[in-house]
Amino acid sequence: GAVVSQHPSWVICKSGTSVKIECRSLDFQATTMFWYRQFPKQSLMLMATSNEGSKATYEQGVEKDKFLINHASLTLSTLTVTSAHPEDSSFYICSARVAGVEQYFGPGTRLTVT
Amino acid sequence: AQSVSQHNHHVILSEAASLELGCNYSYGGTVNLFWYVQYPGQHLQLLLKYFSGDPLVKGIKGFEAEFIKSKFSFNLRKPSVQWSDTAEYFCAVNADGNKLVFGAGTILRVKS
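Quick mapping for you: the protein sequence lines, in order, are chains A and B.
Each residue of the first sequence is one higher than the last, beginning at 1 in my numbering.
Each residue of the second sequence is one higher than the last, beginning at 115 in my numbering.
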């Protein structure tokens with residue numbers, strides 16, 4: 001149980017375009033979902049926390065107009081990278097939480113912006 | 115701000131060697147502590163967690179960790195590693211009931 005999926009697993013886009021990444025909790029309803037970014041050889045950095053039906057809470061330094069997060073249902077959250085640039089290339093990971101503290105992680109999405 | 119420090123970025127061991135990965139955190143209050151593992155090409159998986167009670171926590175695949183409050187540490191151990199333990203290991207701390215703060219990770223390579 002507690003499986004989280006992400007789609008796509010890998011995406012290449014051109015500079016200036018937008019990319020949407022989906023995060024789904026497959027066998028449970030997630031009240032809260034988290035979006036992380038992982039740079040090569042570095043740790044996961046929390047970008048934002050989203051609760052179903054409300055606006056996401058962004059971490060300091062994360063541009064909310066660039067990284068649009070929508071958590072429209074208890075099983076789906078989306079991250080849209082708008083007007084992507086090469087410096088946005090990274091590994092994006094989501095996690096989902098039912099209650100309490102424990103988070104279940106998705107497999108990640110590798111974004112390459114050319 | 116909370117921070118998590120993992121002492122070694124790369125560790126290379128031979129099979130059957132003992133493993134200890136260090137993790138220290140900075141936060142003076144009550145914390146929840148986690149160790150996650152990321153096998154090559156796979157997603158993060160929870161190895162073990164500490165919320166309260168016995169400070170020696172046993173997890174999956176023979177791993178254990180000890181919470182030493184006075185040292186702000188939560189080191190991961192395994193008595194005898196296997197080739198299949200090759201992976202990246204992340205220590206994480208939750209101090210506010212919401213966010214996880216991760217350490218930089220330790221890449222473990224086990225030589226067969």
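Even for Gly, the Cβ is constructed at its ideal location relative to N, Cα and C.
All figures in this text were calculated on a predicted structure; none of them were measured in a lab.
Annotation: A:Thr82 to A:Pro8 spans about 16 Å, alpha carbon to alpha carbon. Within the segment 187-216 of chain B, the residues whose Cβ lies closer than 7 Å to any Cβ of chain A are, in chain order, Phe204, Asn208, Gly211, Asn212, Lys213, Leu214 and Phe216. For A:Ile21, the pairing in a beta bridge is given by DSSP as A:Leu79.
When beta bridges are read from the DSSP output, A:Met45 appears opposite A:Arg37. Between B:Asn138 and the set B:Val151, B:Val118, B:Ser128 and B:Thr144, the nearest pair of CA atoms involves B:Val118. Taking 8 Å as the CB threshold, B:Asn146 lines the interface with chain A. Contact with chain A is absent for B:Ala179, since none of that chain's Cβ atoms lies less than 8 Å from the residue's Cβ. In chain order, Arg24, Ser25, Gln29 and Ala30 place their CB closer than 7 Å to the CB of A:Thr75, counting only its own chain and leaving out the 5 sequence neighbours on each side.
Spatial neighbours of B:Gln196 in its own chain (CB-CB distance under 7 Å, excluding positions within 5 residues in sequence) are listed in chain order as Glu129 and Val224. Nearest Cα to B:Phe165 within the set B:Leu222, B:Asn122 and B:Ala179: B:Ala179. Straight through space, the alpha carbons of B:Gln116 and B:Gly143 are spaced by roughly 11 Å. With respect to B:Phe177, B:Leu158 sits apart: the two C-beta atoms are not nearer than 8 Å. With the rule of 3 Cβ pairs closer than 8 Å, the segment 35-42 of chain A counts as touching the segment 87-96 of chain A. For the C-beta of A:Ser77, not a single chain B residue is nearer than 7 Å; the gap to the nearest is close to 16 Å. Chain order gives the chain B residues near A:Thr49 as Asn212 and Lys213, where near means a beta carbon separation below 9 Å. With a beta-carbon spacing of about 7 Å, A:Pro107 and B:Gln156 fall inside the 8 Å limit used to define contacts. Annotation: B:Gln116 has no Cβ neighbours in chain A at a cutoff of 7 Å; minimum Cβ distance is about 11 Å. In this structure, the CA atom of B:Leu222 is about 30 Å from the CA atom of A:Pro86. Inter-residue distance for A:Thr57 and A:Ala48 is about 5 Å (C-alpha atoms, whole angstroms). B:Lys175 does not reach chain A, its nearest Cβ partner there being about 17 Å away, counting only Cβ pairs nearer than 9 Å. In the three-state scheme derived from DSSP, where H, G and I count as helix and E and B as strand, B:Lys183 is classed as helix.
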